[in-house]
Each structure stands twice: as C-alpha cells, then as structure tokens.
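Each remark here refers to the structure printed beneath this line.
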Amino acid sequence: MGKVTALQAVDVERPVLDLSGEALRAGLQIMVAGSEEHGGIERYVDAVKLKSTMFRQALVEAPIDELDLETFKGLCTFMATVRRRIGKWLNEDAFAEMREHIKALLADDGDVDSRIAAFCAQFPQDKKHRWVRDLATELLHNANPERIPLMNRWVWDASANTGVIREIWHGDNVDHITIPVGDGFGTYLMLREELSQFLSDEGFFRDVLQYVDILCAQVYAQYICEQGGSYLRADFSAPEDPMQHTRRLLGLDGVRPGNGKTKLKSIDGEAFVIEDNNLLN
3 MGKVTALQAV
13 DVERPVLDLS
23 GEALRAGLQI
33 MVAGSEEHGG
43 IERYVDAVKL
53 KSTMFRQALV
63 EAPIDELDLE
73 TFKGLCTFMA
83 TVRRRIGKWL
93 NEDAFAEMRE
103 HIKALLADDG
113 DVDSRIAAFC
123 AQFPQDKKHR
133 WVRDLATELL
143 HNANPERIPL
153 MNRWVWDASA
163 NTGVIREIWH
173 GDNVDHITIP
183 VGDGFGTYLM
193 LREELSQFLS
203 DEGFFRDVLQ
213 YVDILCAQVY
223 AQYICEQGGS
233 YLRADFSAPE
243 DPMQHTRRLL
253 GLDGVRPGNG
263 KTKLKSIDGE
273 AFVIEDNNLL
283 N
C-alpha cells in the first residue's frame with residue numbers, strides 16, 4: 003500500500019490528501035512500542051480523554067463568564083505551544099479581556115475558520131503571537147473533540163509548508179516541494195477522516211479520535227527529533243525516550259513530578275484534580 007486515499011464528503015469542502023501508508027505505519031509502530039514503558043498506548047488514550055474532560059468542564063459545562071484565571075492557568079499547562087508565551091495575559095485585567103475573546107470563539111454561530119480568524123485578530127499580528135492560533139485551536143478541539151479536529155500549526159501550517167501533513171505526504175522528494183493544501187477547517191477534517199480510516203484498517207476500532215491525535219503527535223515528534231529548528235528546540239529539548247516529544251505536543255507533560263496538582267472545578271463545584279502520576283511523566 004503506497005498511499006492512503008480518502009473519500010470526499012459533501013458537507014464541508016475538503017482537499018484531496020495524498021498520504022503515505024508506509025510513513026503512517028512507521029509512526030504507528032513507534033507510537034505503540036514507545037508507549038509500553040508508560041503502561042501502554044491505552045494509558046495515553048485515557049490521558050487524552052481526561053484532558054478533554056477538563057476542558058469541557060471549564061469551557062462547556064460551566065458558563066464562560068464564570069471562567070476564572072486560576073482555572074484558565076490550569077488549562078494552559080496542557081497546551082504546550084501556548085504556555086510559555088501567554089504569560090502576559092495571565093493577570094486579572096488582561097484575562098478579563100481574554101475571556102470575552104474565548105466566549106466569542108466558542109460561540110456556535112459561524113464557521114470555524116471565521117471564529118479562529120476573529121479570535122486571532124484581537125491580538126498583535128506578528129511572529130511573537132503565532133501561539134494565539136494554537137490557543138484558539140486547542141480550546142476548540144479540547145472542548146469538543148468529536149466535532150473539531152486537532153488544528154494546531156504543527157499539524158499543518160500552509161504558509162510555512164510544515165507539519166504532520168508534510169511528514170506523511172506520499173511522493174518523492176517531498177522536502178523540496180510545496181504541498182498545495184490550505185490550512186482551513188476542511189483540511190483538518192479530511193486529515194482526521196483519512197487517519198481514522200487508516201487506523202481502522204490497522205485494527206483500531208475504539209477511541210479512534212484519541213488515537214488520531216496521538217498518531218499526529220508521534221509523527222511530528224519524529225520530525226522534531228530528526229531536524230527540528232531553533233524555534234522548536236526552544237520548546238522541545240533532546241528527548242529521553244521515544245514518546246517524550248509526543249507527550250509534550252499533546253500537553254500531557256503539563257504537570258511535572260513534585261510540582262503538585264492541577265485542580266479545576268466542575269459545573270457543580272466539585273473539585274476535579276489531576277495527580278502527578280496520571281500525566282504519563
């Protein structure tokens with residue numbers, strides 16, 4: 003099988019993605035084998051589900067107007083490409099404005115691309131604020147993973163011609179071509195459909211959405227290990243094990259051993275606590 007070909011759906015315009023089955027199988031093998039020392043791939047699946055539960059409790063089950071700064075800080079620990087750059091906004095005055103932008107982002111009135119663009123437009127349009135798009139996509143995806151696929155820049159950045167899509171693109175000399183695929187909502191939906199089909203063909207029939215996220219992270223983790231540039235190295239130092247970068251991309255290293263707990267409050271006021279040893283450290 004040289005490549006994976008997906009069926010087109012009619013509800014959202016999707017591009018054709020010409021993906022390499024060989025590259026995907028290689029990533030899948032590393033993902034499964036590398037997770038064994040942390041309790042197996044199922045533990046990663048459970049951790050991704052738990053993270054999503056935290057976001058839903060904070061952003062969906064409770065009114066956004068009640069989102070407080072401490073809870074938001076807790077969420078930030080699980081967004082690897084955001085947490086080191088968002089510090090300027092983590093004070094009460096700045097967060098009051100941020101909360102209004104988040105409320106508009108999560109409002110279910112308008113297409114996803116327009117909501118992301120409107121959210122990003124509230125911040126300076128420079129390289130120092132590229133993390134803002136990742137913040138928007140992380141919030142949307144983690145709050146509603148069934149509807150919104152993973153859309154971070156490391157999944158696909160059309161302007162830079164980098165991301166997971168490039169690493170699994172089918173063809174010769176991929177490093178020297180510009181892949182003719184945009185980075186709108188339809189692209190990420192198409193990618194998730196293709197990877198879901200691939201995983202089903204490989205015998206994965208449960209928790210497929212979580213496996214898609216983990217596989218994407220594993221594919222890009224390999225890129226970081228092999229040829230990541232200075233921008234990536236600022237966030238991702240030399241790995242100690244094959245899954246270290248994978249955990250970081252997924253935000254599962256957000257709480258470090260010995261640094262306590264992350265606690266969010268559910269809609270009924272019950273404390274939702276994540277202990278250190280639940281985060282695959």
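Convert by adding 2 to the 1-based position in the sequence shown; the result is the number in my numbering. Positions of the beta carbon are idealized from the N, C-alpha and C atoms, including for glycine. Nothing here was measured: the structure is a model prediction, and the numbers come from that model.
_Suppose the cutoff is 8 Å on Cβ atoms and the five residues either side in sequence are ignored; what does the same chain contact list for Asp159 look like?_
Gly165, Asp185
*Name the residue from Ser37, Glu196, Cys218, Ser22 whose alpha carbon lies nearest to the alpha carbon of Gln246.*
Ser37
*Under the assumption that Phe200 contacts Leu26 (Cβ atoms under 8 Å), give the Cβ distance between them as a whole number of angstroms.*
5 Å
*Is Asp113 helix, strand or coil by DSSP?*
coil
_Cβ pair Phe74, Phe97 closer than 8 Å_ = yes
*Hey, is Ile118's beta-carbon within less than 8 Å of any beta-carbon in chain C?*
Annotation note: the requested chain C is absent from the structure, which comprises a single protein chain.
*Going by C-alpha distance, which of Pro182, Ile181, Asp209, Thr180 is nearest Arg284?*
This structure gives no information on residue 284, because the portion of the chain shown stretches from 3 to 283.
*Once you ignore the five residues that flank Gly262 on each side, which residues in its own chain have a CB closer than 6 Å to its CB?*
Because the pLDDT at Gly262 is just 43, under 50, the model does not fix this residue reliably, and the value given afterwards should be weighed accordingly. The answer is none, since no qualifying residue turns up.
*Answer yes or no: do Glu196 and Leu21 have a C-beta to C-beta separation smaller than 8 Å?*
yes
*Do the region 141-154 and the region 208-228 meet, that is, are 3 or more Cβ pairs less than 8 Å apart?*
yes
*Rounded C-alpha distance that separates Leu92 from Leu71*: 7 Å
*Mind checking who Thr164 pairs with in its DSSP beta bridge?*
Asp159
*Would you decide whether Gln127 is buried or exposed? Buried here means 16 or more other CB atoms lie within 10 Å of its CB.*
exposed
*Helix, strand or coil: which one does DSSP assign to Arg85?*
coil
*Helix, strand or coil for Asn144, going by three-state DSSP, please let me know.*
helix
*Span of the alpha helix (DSSP H) around Met100*: 94-108
*Please state whether DSSP places Met153 in a helix, a strand or coil.*
coil
*Buried or exposed by the 16-neighbour rule on C-beta atoms within 10 Å, applied to Glu94*: exposed
*By the 10 Å Cβ neighbour count, where 16 or more other Cβ atoms means buried, how is Asn144 classified, buried or exposed?*
buried
*Confirm, please, whether the CB-CB distance from Ala106 to Ala123 is below 8 Å.*
no
*For Leu137, which residues of its own chain have a beta-carbon under 6 Å away from its beta-carbon, when the five flanking residues on both sides are left out?*
Val84
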